[in-house]
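Residue 1 is where the sequence shown starts when you use UniProt numbering, and the numbers rise one by one after that. We put the beta carbon where it would ideally sit given N, CA and C, even for glycine. Since the model is a prediction, treat every value here as computed from it, not as a measurement.
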Amino acid sequence: IIRSYIHSGEDNKFDDFMRQHRFSKVDFDTQQMIHFINRFNMNKGLIDKNNNFFIQLIDQALRSTDDMIKANAWYLYKEWIRSDDVSPLFIEIEDNLRTFNTNELTRKDNIFILFSSADDGPVMVVSSQRLHDMLNPTKDTNWNSTCIYKSRHKMLPINLTQETLFSSKSHGKYALFPIFTASWRATRIKNIGI
């Protein structure tokens, strides 16, 4: 309680930043990683509302050269995937993870679950390397190598087009997975000239 009173302005600043960037690609600096990991630790309810933001934070923190940031990020991520809301998702997809393209996974690769921008919309299961490749694409980036499930409550594999997943015109104001929209469009323009 004391901390929230003393640092309420700071928390509001980070919450505003999170709200503004929850559906976009974010590159965190070291201080931001520390603050956002602490913020999510203090309020786990923010994780699901800002899932795409959270996953980018964890991925970048686990790639950090700062061992303390890595340890804190790993602890927070493990707590989240063991939570009552998320652990059933990992149990549901376990069989598919066994068949995940092992050529794409490295010893240090992690599996992430991204929630779509739509309430109870599709769920994307992606390796940290695939996440990194899709956020920082090259002409060779494979946009079709993700596992998509119907929703958090119905973990049934589905096939959706790239336009449906990444185009902002596919789902109202935001694409289903808007953190990839800018990268996908840029790659598409380069490769196809659209």
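Close beta carbons around Y5, own chain, < 7 Å, minus the five adjacent residues each side: Unreliable placement is indicated for Y5, whose pLDDT of 40 sits below 50; the coordinate value is still reported in the next sentence. No residues qualify anywhere along the chain.
CA-to-CA distance, L89 to M18, given in whole angstroms: 24 Å
The region 112-123 / the region 172-184 touching (three or more Cβ pairs under 8 Å): yes
Nearest-angstrom Cα separation, counted from R185 out to R107: Any reading at R107 needs caution, since the residue's pLDDT is 47, under 50, leaving its predicted position unreliable; the model's value is listed next. If I take the Cα positions, the gap works out to 31 Å.
Three-state class that DSSP yields for L176 in the structure shown: coil
The beta strand (DSSP E) enclosing L160, as first and last residue numbers: Looking at the DSSP string, L160 is not in any beta strand (DSSP E), and its letter there is neither H nor E.
Residue range of the unbroken beta strand (DSSP E) whose run includes S127: V123 to S127
Residues near I69 by beta carbon distance below 8 Å, same chain, minus five either side: T30, M33, I34, I37 and A61
Segment limits, alpha helix (DSSP H) that includes F40: T30 to M42
Status (buried if at least 16 other CB within 10 Å, exposed otherwise) for residue 271: Any question about residue 271 goes unanswered here, given that the chain covers just 1 to 194.
Status (buried if at least 16 other CB within 10 Å, exposed otherwise) for T102: Confidence is the limiting factor: at T102 the pLDDT is only 45, short of 50, which leaves the residue's position unreliable and the question unanswerable from this model.
Residue from F115, N50 and E79 whose Cα sits closest to the Cα of S151: F115
Close-in-space but distant-in-sequence residues of the same chain around D109 (CB under 7 Å, 5 per side omitted): S127, S128 and Q129
Buried/exposed call for P137, threshold 16 Cβ in 10 Å: buried
Residues bridged to Y149 (per DSSP): V123 and P157
F23: first and last residue of the uninterrupted alpha helix (DSSP H) it sits in: Counting along the chain, F23 falls outside any alpha helix (DSSP H), and DSSP gives it neither H nor E.
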